[in-house]
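Okay, so here's the structure we're looking at.
2 protein chains.
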Amino acid sequence: MARSKASAPGADWMREHGPGYPLVLSSRARIARNLEGLPFPIAAGEEDLEKARGMVLEAVSRRVAEDRDWEVSFAEELSRNRLEMMAEEHITPAAFSDRIGGRAVAIGPNDGRSVMVNEEDHVRIQAILPGAQFMKAWKAADEIDTVLETEVQYCYDQRLGYLTSSPSNIGTGLRVSAMLHLPALVTTGDIGKTISALAQAGIYVRGLYGEGSGVAGNIFQISNRQTLGRTEEFIVSNMDMIVRQVVDNERTARKMMLREAELDLADRAYRSLGVVERCRRVCYYEALELISLIKLGVDTEVLPVSDFNILEVGVAISPYHLREFLGGEAGEEDVDRERSVHLRKMLDL
Amino acid sequence: MARSKASAPGADWMREHGPGYPLVLSSRARIARNLEGLPFPIAAGEEDLEKARGMVLEAVSRRVAEDRDWEVSFAEELSRNRLEMMAEEHITPAAFSDRIGGRAVAIGPNDGRSVMVNEEDHVRIQAILPGAQFMKAWKAADEIDTVLETEVQYCYDQRLGYLTSSPSNIGTGLRVSAMLHLPALVTTGDIGKTISALAQAGIYVRGLYGEGSGVAGNIFQISNRQTLGRTEEFIVSNMDMIVRQVVDNERTARKMMLREAELDLADRAYRSLGVVERCRRVCYYEALELISLIKLGVDTEVLPVSDFNILEVGVAISPYHLREFLGGEAGEEDVDRERSVHLRKMLDL
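Have a look at this one:
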């Protein structure tokens, strides 16, 4: 297991087509665990954090990474840019860099698997796959969880299940989420009904970067609210069923737009293309909106542009990836300007 | 003097560069007169309107048109499209088609001169020239006025001067106006100060289509408010002086934008170009905004696009010109769609 810099921009799951493409961008399973006998990270001192990090990384090294090329990064050894880039690549949550002491991430060989240490919980195991593959994503995370448990003692309560820093993760510690691209539901306004229905079904609806992030580029992240009193299999198959329904709604909305408002659809997609082709600078939010409408145009075949993966493009033009490209110290105007150039390259324009 | 259909889209003054180009688009002088012994048009019956029309057109025919190719149109013989097209070409005011009985227009051979009969006043003589040529425009109108007065008896009061339907035209009956393109003043926000200063100087500020029309495409029409108690020469030279000041303000704003916000200026111009290149439909108002920013980009040399006259393009993509092009019965969606095609042709894109 090598210890090196953060991984290259974008893992394979961003480039591959999975089931439900292009509406279902990815499936993610995340398991939260804590070590028995050590205070939870939020309450732990430096020494305990170091101890937890050592125990978890050693277990990962011995049982998960084996001889495969996992990369381990200690948060305090990474630049601010690199830390933010990991969040932009969906490896860590946006708040990961707020407190870096004792934190670490072990990242699998571009396969969407990672283990985060000392964020909200001692251990956060994550597996991301392209498209709707919730069961497979959960099994990939569960496999890591199972072998780690042979090395370390997890904090477990007979009645409640696995204990976590936040009560919202207690029990299974499992959060399954889907990243969905829903431009037609947003354009027709039917997204409101869909979000209400999801809320009633116990599903969180969030933006591209999870909790606390706004929706941009018509990309929605939906995840199970309940982690307690449900089996992992139920949580996973429930997400699968719900995603099928949302995807059906989006497909219906796209058909309706093509039938009743094709000129409007084409106009929006073409205008977005024109702006991307010509703009001299563009902010991240607007860029996501533009590529969302171009992608809708590609998907519905009103726009003669080569297909692309919206998440892969989104990561390539994200603020810290561009800042890193420009040399680490670039200002916002330089980043916005470079984004317009990058965008044209990524879309082959 | 031929009696035929309305003139071809756009007179020469829209295509030529005059002094102050490209900021001063055109100069217009308009003289209002009424015939002695006949009720003003607003109060006149059909018979009196016919009588006035006959007298004015005969005078025009004998003394103005002579053997040159003037076109005379009776309003009630024109289609709704043709009537509106004359307004779009700035020959008649927007309200001309509201009441057509007894009205007529005699239009000079693409030289910007015209005589309108039985609109608000019996006679409205107009001369438009490219750029800032207020004195020349007034002299062209005055020349027509002088020869007509040898044929007909004008309604004149020794104390007040020429009498008109609206008190706002009484005295000289002269309204001198300038069409100005002021995108930088609008972008920097300094247009507010300019408009206040103009109001204090007794100048009306209106949009592309005069009284009651909104500003579109950053095109402003400014004209003298006072027609009474001032000589024609004063009105004309005052307008010339005021236009020079506004043009200076716009030039300063452009220099400031180039110095302090060139990227922003380029970005706006390029985006507008991208939208024009790619849109599948566009409404008239938005199209004017787009060509205004493209023109600003051309003027400031940040955009490598061939120069064009914003008024000429504006007329070519105006609603009734496009409707006429499509066959007279086209709906709004068809017009908006054709406008996007026309726009690309007009700008050589």
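Each protein sequence line maps, in turn, to chains A and B.
Adding 685 to a residue's 1-based position in the first sequence gives its number in the working numbering.
Adding 685 to a residue's 1-based position in the second sequence gives its number in the working numbering.
Note that beta-carbon positions come from the ideal geometry of N, C-alpha and C, so glycine has one too.
- A:Arg956 counts as buried, since at least 16 other C-beta atoms from the protein chains shown sit within 10 angstroms of its C-beta.
- In the DSSP assignment, B:Asn795 falls outside any beta strand (DSSP E) and carries neither an H nor an E.
- For A:Glu701, the closest alpha carbon among the candidates A:Asp842, A:Ile995, A:Thr879, A:Cys968 is that of A:Ile995.
- Scanning A:Glu935, A:Val861, A:His775, A:Ala728 for the CA closest to the CA of A:Arg915 turns up A:Val861.
- Assigned with DSSP and collapsed to three states, B:Gly999 falls in helix.
- Proximity to B:Leu870 across B:Asn934, B:Leu975, B:Ala812 peaks at B:Asn934, based on C-alpha coordinates.
- Between B:Val832 and B:Val741, the gap from beta carbon to beta carbon reaches 8 Å or more.
- Contact between the stretch 705-717 of chain A and the stretch 821-837 of chain A is present: 3 or more CB-CB pairs across the two stretches fall below 8 Å.
- In the structure shown, A:His807 adopts coil according to DSSP, grouped into three states.
- Below the 9 Å Cβ cutoff, chain A contributes Arg956, Leu958, Gly959, Val960, Val961, Glu962, Arg963, Cys964 as neighbours of B:Gly959, in chain order.
- Each residue's CA atom was taken as its position, placing B:Asn854 and B:Gln843 some 16 Å apart.
- Cβ-Cβ distances below 7 Å link B:Ala938 to Ala869, Leu870, Thr873, Asp875 in the same chain, with the five nearest sequence neighbours on each side left out; the list follows chain order.
- Two segments are said to touch when three or more pairs of C-beta atoms, one from each, lie closer than 8 Å; by this definition the stretch 896-915 of chain A does not touch the stretch 939-947 of chain A.
- Taking 8 Å as the cut-off, the Cβ atoms of A:Ser851 and A:Glu917 do not count as close.
- For B:Leu948, the chain A residues whose C-beta falls within less than 8 Å of its own C-beta are Arg965, Arg966, Glu1018, Arg1022, listed in chain order.
- The Cβ-Cβ distance between B:Val1000 and B:Asp992 does not fall below 8 Å.
- In summary, A:Phe725 is buried, with 16 or more beta-carbon neighbours lying within 10 Å of its beta-carbon over all protein chains present.
- Around the C-beta of B:Glu756, 16 or more other C-beta atoms lie within 10 Å, and the residue is accordingly described as buried.
- Contact between B:Asp925 and B:Ala826 does not hold, since the beta-carbon distance rounds to 15 Å and is not under 8 Å.
- Bridge partners of B:Tyr706 according to DSSP: none are assigned.
- The contact set of B:Asp952 on chain A, defined by CB atoms closer than 7 Å, consists of Cys964, Arg965, Arg966 in chain order.
- Non-local beta-carbon contacts of B:Ala972 in its own chain, meaning distances under 7 Å to residues more than five positions away in sequence, involve Ile1002, Arg1024, Leu1028 in chain order.
- Per DSSP, the beta-bridge partners of B:Ser862 are B:Arg713, B:Ser908.
- Between A:Glu974 and B:Asp1021, the alpha-carbon positions lie close to 24 Å from each other.
- A straight-line Cα-Cα distance of about 14 Å links A:Pro778 and A:Ala812.
- With a cutoff of 8 Å on beta-carbon distance, B:Val802 and B:Leu720 are scored as not near each other.
- Here A:Leu950 is buried: its Cβ has 16 or more other Cβ atoms, across all protein chains shown, within 10 Å.
- For A:Ala789, the secondary structure class from DSSP, reduced to helix, strand or coil, is strand.
- Using a Cβ distance threshold of 8 Å, B:Leu867 and B:Thr912 do not count as a contacting pair.
- Your pair B:Lys980 and B:Pro707 checks out as a contact, with CB atoms roughly 7 Å apart and the cut at 8 Å.
- Counting only runs of 3+ residues, the beta strand (DSSP E) found wholly inside the stretch 880-951 of chain A occupies 888-891, 904-909, in chain order.
- Taking the Cβ atoms as the reference, A:Val749 lies roughly 5 Å from A:Ile829, within the contact range of under 8 Å.
- Counting along the chain, the unbroken beta strand (DSSP E) around B:Val757 starts and ends at 756-759.
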